[in-house]
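Undergrad:
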Amino acid sequence: MSNDLYGIDIKQSMPESFRTDHIIWDKYISSIWLSIFKFCNIQKNDSIIEIGPGNSIKIGYALSQLNFCGTLYIIDALPEVIDTLKPKYEELLPNAKIIWLDKPVIEAIKTLPKHIDYILANHVLDDMLIYAAKHSDALTWSKSYTHIPSNDLQESWQEISKDINELKQAQSMVSKEIINLINQINPTSIILNQYPSATLNDHGMISLNNAAIDILNMIKDEADQIEQAEVQNILNLHPHYNNHHIGQHVLNAKYWTICKKI
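Under the numbering used here, the sequence shown is numbered contiguously, ending at residue 267.
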């Protein structure tokens, strides 16, 4: 660590392309996922669920580096977002069997097999929280994958966060959805992260970040986690570029979990 940042100090600043090119940023996050895949011994012919990728190729690109040719179930409640992602994943993973489920997790469970090897989710709990609070229309901004939250999202969060009971109910619903998914399909491991979003932080939505991280901690409380120190050792293999968001958030094990069967 350097200057209280997790990760490797390679004496370079963060490339400007991380701020302007989603693909470059996604590939950096993908490199972290690939390290975790190797630690967990994920095989190219395994069966995997990815929850809520939105328009992001972070997990898909990491799987492509394994030459993944197994079965991949992608669950995203927004059909229009899946339509945007499909061609990207089909190009990245031409030899994989990809099954698209355009429904919330609670409904997708009914159509899944009784065992799948791994469940993966990259920074999805904030979106699931908005959906659980019945503000799904506010999530269409993810289709465009912009650096600025839409007005609909900001207004929806203001409304949700004003009602503490509604917020707590939505948080509990998301946590239970994930726990029920794990219990129903009996995976070898589930790998989740929910680090603070720089986009939300920069636009006055820190409270949404915090609410989503609370859900991650609720899931951790129910699950059998790998020691945080082990997760941190994996994250420390990656450069922090002397960037606070990367070094304190993305590469901080408190915002990740690798859980065994519950």
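Cβ atoms here follow ideal geometry from the backbone N, Cα and C, with glycine treated the same way.
Since M178 and G57 are thought to touch, with beta carbons under 8 Å apart, how far apart are those beta carbons, to the nearest angstrom?
TA: Rounded, the Cβ-Cβ distance is 15 Å, inconsistent with contact.
Undergrad: Rounded to the nearest angstrom, what separates K167 and K173 at their Cα positions?
TA: Straight-line measurement puts the Cα of K173 at about 11 Å from the Cα of K167.
Undergrad: State the DSSP-derived secondary structure class of T262, mapped to helix, strand or coil.
TA: Note: T262 maps to strand in three-state DSSP.
Undergrad: Straight-line CA distance for E112 to M223?
TA: 21 Å
Undergrad: In chain order, what are the residue ranges of uninterrupted alpha helix (DSSP H) at least 4 long that sit wholly in the stretch 101 to 132?
TA: 110 to 113
Undergrad: Do I37 and H249 have their C-beta atoms closer together than 8 Å?
TA: no
Undergrad: Report the residue from C264, K265, N238, Y246 whose alpha carbon sits nearest the alpha carbon of N257.
TA: N238
Undergrad: Grouping DSSP H, G and I as helix and E and B as strand, with all else coil, what is Q189?
TA: helix
Undergrad: What is the rounded straight-line gap between the Cα of K115 and the Cα of K265?
TA: 22 Å
Undergrad: From the DSSP secondary-structure annotation, give me the bridge partner or partners of D229.
TA: K265
Undergrad: Which residue wins for smallest C-alpha separation from E85, given the options Y200, Q17, N60, L97?
TA: For the residues Y200, Q17, N60, L97, the minimum Cα distance to E85 belongs to N60.
Undergrad: How long is the line joining the alpha carbons of D51 and G75, rounded to whole angstroms?
TA: Cα to Cα, D51 sits roughly 5 Å from G75.
Undergrad: Do the CB positions of I165 and A175 come within less than 8 Å of each other?
TA: yes
Undergrad: Closest to D226 by CA distance: which of K181, L205, H245 is it?
TA: K181
Undergrad: If you draw a straight line from the C-alpha of Q163 to the C-alpha of A126, how long is it?
TA: Rounded to the nearest angstrom, the gap between the Cα atoms of Q163 and A126 is 25 Å.
Undergrad: Exposed or buried, which one is H128 when buried takes at least 16 other CB atoms within 10 Å?
TA: buried
Undergrad: Our contact map puts N72 next to K49 with C-beta atoms below 8 Å; I'd like the distance itself, whole angstroms only.
TA: 5 Å
Undergrad: Could you check if E55 is buried or exposed, using at least 16 other CB atoms within 10 Å of its CB as the buried criterion?
TA: Classification for E55: buried.
Undergrad: Using DSSP with H/G/I as helix, E/B as strand and the rest coil, what is L10?
TA: strand
Undergrad: Using only alpha-carbon positions, find the residue among I34, I103, H27, D26 that is nearest to W261.
TA: I34
Undergrad: Along the chain, where does the beta strand (DSSP E) containing L90 start, and where does it finish?
TA: L90 -> not in any beta strand (DSSP E); alpha helix (DSSP H) instead, spanning 84 to 97.
Undergrad: Starting from the Cα of Q233, find the closest Cα among K16, I28, N198, N206 and give me that residue.
TA: N198
Undergrad: Give the DSSP-derived three-state secondary structure of Y78 in the structure shown.
TA: Three-state DSSP puts Y78 in a strand.
Undergrad: Name, in chain order, the residues that DSSP records as bridge partners for L197.
TA: As DSSP reads the structure, L197 sits in a beta bridge with A126, T262.
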